[in-house]
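There are 4 protein chains.
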Amino acid sequence: MRKKRVAILGATGTVGQQFIQFLHKHPLFEIACLTASKKSAGKRYSEATKWYPNFLGKGIPEEVGNMTVVDTNLNAIEKANVEIAFSALPADISKETEPEFARAGITIVSKSNVFRLDPHVPLLVPEINPNHLELLKVQKKAKNWRGCIVADPNCTTTGLVLSLKPILDFAGIKRVFVATMQAVSGAGYLGVSPIAINGNVLPYIHGEEEKTQNETLKILGRFEGDKVEPLNIKVSSICNRVNVDYGHIEDVFIETEKPCAPEEVKEVLRKFRGAPQELNLHSAPEHPIVVRDEEDRPQPKLDVNEGKGMSVVVGRVRRDPAFENGVKYTLLVHNTVRGGAGMAVLNAELLARKGLLN
Amino acid sequence: MRKKRVAILGATGTVGQQFIQFLHKHPLFEIACLTASKKSAGKRYSEATKWYPNFLGKGIPEEVGNMTVVDTNLNAIEKANVEIAFSALPADISKETEPEFARAGITIVSKSNVFRLDPHVPLLVPEINPNHLELLKVQKKAKNWRGCIVADPNCTTTGLVLSLKPILDFAGIKRVFVATMQAVSGAGYLGVSPIAINGNVLPYIHGEEEKTQNETLKILGRFEGDKVEPLNIKVSSICNRVNVDYGHIEDVFIETEKPCAPEEVKEVLRKFRGAPQELNLHSAPEHPIVVRDEEDRPQPKLDVNEGKGMSVVVGRVRRDPAFENGVKYTLLVHNTVRGGAGMAVLNAELLARKGLLN
Amino acid sequence: MRKKRVAILGATGTVGQQFIQFLHKHPLFEIACLTASKKSAGKRYSEATKWYPNFLGKGIPEEVGNMTVVDTNLNAIEKANVEIAFSALPADISKETEPEFARAGITIVSKSNVFRLDPHVPLLVPEINPNHLELLKVQKKAKNWRGCIVADPNCTTTGLVLSLKPILDFAGIKRVFVATMQAVSGAGYLGVSPIAINGNVLPYIHGEEEKTQNETLKILGRFEGDKVEPLNIKVSSICNRVNVDYGHIEDVFIETEKPCAPEEVKEVLRKFRGAPQELNLHSAPEHPIVVRDEEDRPQPKLDVNEGKGMSVVVGRVRRDPAFENGVKYTLLVHNTVRGGAGMAVLNAELLARKGLLN
Amino acid sequence: MRKKRVAILGATGTVGQQFIQFLHKHPLFEIACLTASKKSAGKRYSEATKWYPNFLGKGIPEEVGNMTVVDTNLNAIEKANVEIAFSALPADISKETEPEFARAGITIVSKSNVFRLDPHVPLLVPEINPNHLELLKVQKKAKNWRGCIVADPNCTTTGLVLSLKPILDFAGIKRVFVATMQAVSGAGYLGVSPIAINGNVLPYIHGEEEKTQNETLKILGRFEGDKVEPLNIKVSSICNRVNVDYGHIEDVFIETEKPCAPEEVKEVLRKFRGAPQELNLHSAPEHPIVVRDEEDRPQPKLDVNEGKGMSVVVGRVRRDPAFENGVKYTLLVHNTVRGGAGMAVLNAELLARKGLLN
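Residue numbers (our numbering), protein chains in the order written: chain A, 38 to 395; chain B, 38 to 395; chain C, 38 to 395; chain D, 38 to 395.
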């Protein structure tokens, strides 16, 4: 089968670099276009980017390094004849660019937060709400686009909703409290000063709590023919930054509708599978959720790469003594893989398999 | 006024070292006796202890360094003619020793967790429950002791209850969820390997969650003539270790009985005063609770020494969207000062002022 | 005495912020002008700068926060009627600006590295080479300037030369090898990613080795009427970045000309005094060099603030077994105080005392 | 071929755990006996040890976990019918035990430092001095032992000598200065407090400097029929602890006898091979030394696992300006693999291949 030609928008930043890692030698996709700002356009990719070895482990794949970076504009994209664009653009640019590209027929899978709560844009976690892709028809019609935008959720939200979905189906959920300990990579390579974070906890991440609260309700919401009705539960979160490289820890307290024993919850988490597993998608982990029984896991340093970073690791599942029916646990999500470029690529694989590209 | 002669039980460990810091040149107390295990007995203190400069900033006070360490036994204590003993003994030893000393007439202020939930032992936070000291009469009678035991709470609990008390009085509390990020010093100087904690979060601290849940209810409970009736609310906690030297961060979600605006909560927290402030006790901070308005405070690295480590710092007070009536916030408590030797000394100051020594 | 009016050039960056700390309420100087780039000009200082609490401990002094930032140009400086300008400008700007201001009569004390090796510019460590200030006459004449430029050395160099000077005078020096472990603050607040430095050593700092090698020879060189003849010794350095907030550690191996016992070296280091001590300058530490006898000191975490950050701390002084005559030791210098704004201010105090400010 | 039965002495400590990692499923060796102190004897290994997941990545191999630990004594060893014993015993115990076992016919490969400088004991780095194994005949005869002791060098020394050997052969060496930045794992799992090392450099490691200086001369020395004549050069070292998990960095300044261009040095380092490579031993890395050309490598976080931790990584090779003939560079050695159990196993492989195991 011919590989789909893809563009990476904002390819020289750290998220763009991660897209390259996930898309290089991908069985379905072929990197056909790397875009960046005007000042990088015309340069070889290896000259235009500052490749961060700590982020990625390996150097720039040679053939990617030799590609010429183009300016982020429609001409360039169309000249490269791409079908999909993975967007790692900053919010202010994605706001203008993504709709323009979608109008012109490109399918955008976006890491930007600009359109996540747009009622016409599916906010996709492929194990949870693949049926929200039905929104794309509505979107194309409403916006009069030939292409479309599919949004990827916030990293913290992604870990949370994956753990909530099986519990929601099993016992119903009334209320969720979550306190997070998030890795510095979530802020970008130079987003946090070592002086600020060494031996410290930063008890605030701009916009993060709103994202986790709002996105969760949309992702778990019900598709109702022409829109997604958000889930009607309460979510409250407090988000902190800690000095971990990769992997967000989340402490979750849940009030369920029905009684549920911790062993039952562990079982439904372990058995959870979704469309990526059923369709055997290339980037799908065998177990979307890995449950550990040890009292002191998950730990970012030991568990972040579970399922090549695509599995959420849940531990310490136990009854919550402050709810009549409740459970509490700790989860770990790899913020730049399952919560980042890895899931965007998984989303694109789902689109491809469902025949939603063109 | 003649200073009270005091002993430090378990003086060579890190908590013992902290007692020395707080008791050296104290206006009410005079270090008269340093005890340790048999293997240290007979040595000069400066030879018997491995003084950790990072814990304490300063070296051993010279006159303390020259004192001779004695074995932890009643003879030694009585020979030294002490009235109070600050106990930094490990649990298994304090279990035997503290009652023996109390029987013989010594007042024990104990950092051990052995007797914290004993119905006859007051679990004292001097700003909150000084009236629980009435239990001492009950205790002495029930146990037929001439002295007594006063217990100090767990460090995490101490920070939590100080923040809860003004809210409880103002709006009533139904439910509390707390997720903690605790400093490595809480585990002792060599309690955690740097390899385990560097770039990591350890999502478990043995026994900590039970302590925070149970001790909170007792401290906030009502003294009823001959016993303390625990407060009838629900508390659920999840405790984590992070790579911070000093200062525990706690994320708190509270369901209140009555509506309460964040600004009201901040005001009652700021205005909170207790017996130590009213009595102007030596170690009392002017403000037991310091409220900060910045969106990114408290931070351990910036705020841990507020009020010489005796103030709890609260920030990010806001409505909790998941409760009809609720508030959430982040607090910081210095685990080895307000949550450690500092508060034990403040407790002893209260006992002295109330004439409860002898 | 009327205070001298001073400008801080590049006042919104981290070095500029440090100048504010050292110059606020200074007995000789008065902050009269804060400059920054065009985009900050016209704003109140507190709005124009992102003040980093971790760097500085305290907030912006209120009267400084209320000052209006001006563009870095001669008009603004002249309008403010300043005599001295402390320059925290980036190299490319200082290259143009400092000579222009000097020409117009301003005395520049510069943290920039642009003019450090200019044969007409004194590279000043006030305890070591105050006589190099004689160069200023030569400079003014050669360049036809009414003002002048005095350069501050690189932070690593400053610690090194302070320790070398007494040994040079006592025993002569033939060769120096130095390996450094430098704090992240040396790279600026966001100069190093936490992901890059956590649990790591970065074995390279751009330009640092050349600076330590070349600047050392100039500072220790001899003033010969119209120029400084660099010291004729060999210096070789290897510079590393480690995850320390403040304080550079340097391991130094020295071949001396004459035999010198470690005890003698310690004594000459301890007794070392210079012009700032003799003249009792405001920012002068009592002991430019503090020697510790413990086998495991100096340590950045324990010793960096010795002498309010103005003392170099030397430890582990012992014979070097690989030289016939040699000594080796470890030193610690506070890179943003003695190696930064602190010494620049001390240099200005020396200029003021010597009557060299117009 | 039948596998050789081996014992691990001191198997429950962290070095013992590493031996298990390297010996489990080894093609030549079979773990036949695990010894520990009396208090562990009789327990299943999985109960007797506290297995540190961070050290080793993986859990205890099941069949090893089920083995019964025995007391460290000759009876137990003989009953298990082992030919080789890998010793991870503490110095005071190895001093008594290793000679006793050697007398009884066991070949000891020891990580202890007790016998490293014993003139009859080869201090083996298999790429460098395999001919020192000739000492074993002398040893057996002199001590009247049926077995023998082969010593493994200190971890820091191992990295250093591997880099020195090709330069010694190529250009001769007169003098070496080395400053180290050593990982915390070198002190054992709980050997350093996080409070002591976070944001700090500890400028002292007990005994380390003497080891690097003395062991280097012996390893590079010449075997002369019945003894090893230490190499006649000068070595001076300063050793520091930094907050890195694994991997010691060493800054090396070398005075050579002959001129040598950096490019030549890089070439001889890259081409260096020894007996393990020639004999294609199981644990031998293809390249004992990997040379990197980037200006900012090696870094522990990026390079420590080069050659599965068995390659020394050298970077920043350049002329040393302080010597007439000299070179300087930075090296990285994995302290618990090439500098630990990994090299001990490689040494045993060499013994086996040379027919030196009885």
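We put the CB at the ideal spot given by N, CA and C, even for glycine.
query, result
"In whole angstroms, give me the CA-to-CA distance for His50/C and Lys391/A.", "Before going further, note that residue 50/C is Gly rather than His in the sequence given. In a straight line, the C-alpha of Gly50/C is about 52 Å away from that of Lys391/A."
"My assumption, with CB atoms under 8 Å, is that Pro90/A sits in contact with Ile57/A. Please give the rounded CB distance.", "Not a contact, Cβ separation roughly 14 Å."
"Could you have a look at Leu239/D and say whether DSSP puts it in helix, strand or coil?", "strand"
"Taking the straight line between their C-alpha atoms, what separation do you get for Trp182/D and Asn342/C?", "58 Å"
"Roughly how many whole angstroms lie between the Cα atoms of Arg42/D and Thr72/B?", "51 Å"
"DSSP beta-bridge partners for Glu331/B?", "Answer by DSSP bridge pairing: none, since Glu331/B is not bridged."
"Curious, which full-length alpha helix (DSSP H) runs of at least 4 residues does the segment 158–240 of chain A contain?", "172–180, 192–208 and 231–234"
"Please identify the residue among Lys116/B, Ser124/B, Ala381/B and Lys177/B whose C-alpha is closest to the C-alpha of Ala321/B.", "Ala381/B"
"Which of helix, strand or coil does DSSP assign to Thr253/A?", "helix"
"Taking C-beta pairs closer than 9 Å, name the residues in chain A that Leu388/B reaches, listed in chain order.", "What Leu388/B touches in chain A: nothing, since even the nearest Cβ is about 33 Å away."
"Please compile the residues from chain D whose C-beta is within a distance smaller than 8 Å of the C-beta of Gly236/A.", "Asn235 and Gly236"
"Is the beta carbon of Cys185/B less than 9 Å from the beta carbon of Gly377/B?", "no"
"Answer yes or no: do Glu137/B and Leu111/B have a C-beta to C-beta separation smaller than 9 Å?", "yes"
"Considering just the uninterrupted stretch of the alpha helix (DSSP H) at Tyr82/C, what are its terminal residues?", "Tyr82 to Ala85"
"Beta-carbon separation of Ala85/B and Ser77/B under 9 Å?", "yes"
"Taking the alpha-carbon positions, what's the Ser348/D to Ser274/D distance?", "22 Å"
"Using the rule of at least 16 other Cβ atoms within 10 Å of the residue's Cβ for burial, across every protein chain shown, is His324/D buried or exposed?", "buried"
"Considering only residues of the segment 92–120 of chain B, which uninterrupted alpha helix (DSSP H) runs meet the minimum length of 4 residues and lie entirely inside it, listed in chain order?", "99–102 and 111–116"
"Are Ile204/D and Gly223/D closer than 9 Å when you measure CB to CB?", "no"
"If contacts are defined as beta-carbon pairs under 8 Å, then Phe59/D and Phe214/C qualify, I think. What distance do you get, rounded to the angstrom?", "Going by Cβ atoms, the distance from Phe59/D to Phe214/C rounds to 36 Å, so no, they are not a contact pair."
"In three-state terms, what does DSSP make of Gly47/A?", "coil"
"Rounded to whole angstroms, how far is the Cβ of Leu46/B from the Cβ of Ala125/B, which I believe are closer than 8 Å?", "6 Å"
"Taking Lys338/D as the reference, give the member of Glu301/D, Glu252/D and Gly284/D with the closest Cα.", "Gly284/D"
"Within the same chain, show all residues whose beta-carbon is closer than 8 Å to that of Thr249/D, passing over the 5 residues directly before and after it, in chain order.", "Asn191, Thr193, Thr194, Leu197, Val215, Thr217, Val272, Ser274 and Cys276"
"Determine, using beta-carbon pairs with one atom in the segment 128–143 of chain A and one in the segment 161–174 of chain A, whether at least three such pairs fall under 8 Å.", "no"
"Quick one: what does DSSP say Gly379/B is sitting in, helix, strand or coil?", "helix"
"Looking at the secondary structure, which residues open and close the beta strand (DSSP E) in which Lys271/C lies?", "Lys271 to Arg278"
"Using a Cβ-Cβ cutoff of 7 Å, what residues of the segment 320–347 of chain B are near chain C? List them in chain order.", "Lys338 and Leu339"
"Classify Arg278/A as buried or exposed, calling it buried when 16 or more other Cβ atoms lie within 10 Å of its own Cβ.", "buried"
"Could you give the C-beta distance for Asn384/D and Asp189/D, rounded to a whole number, given that I count them as a contact under 8 Å?", "6 Å"
"Please state if the CB of Leu239/B and the CB of Asp333/A are separated by a distance shorter than 9 Å.", "yes"
"Is the shortest distance between the beta-carbon of Leu239/A and the beta-carbons of chain B less than 9 Å?", "yes"
"If we ignore side chains and look at the alpha-carbon of each, how far apart do Pro267/C and Lys95/D end up?", "58 Å"
"Establish whether the CB of Asp282/C and some CB of chain A are separated by less than 9 Å.", "yes"
"Would DSSP call Phe59/D helix, strand or coil?", "helix"
"Would you say Gly168/D reaches chain C, if we count a Cβ-Cβ gap shorter than 9 Å as a contact?", "The amino acid occupying residue 168/D in the given sequence is Asn; Gly does not appear at that position. Taking Cβ atoms only, chain C never reaches closer than 9 Å to Asn168/D, which makes this a no."
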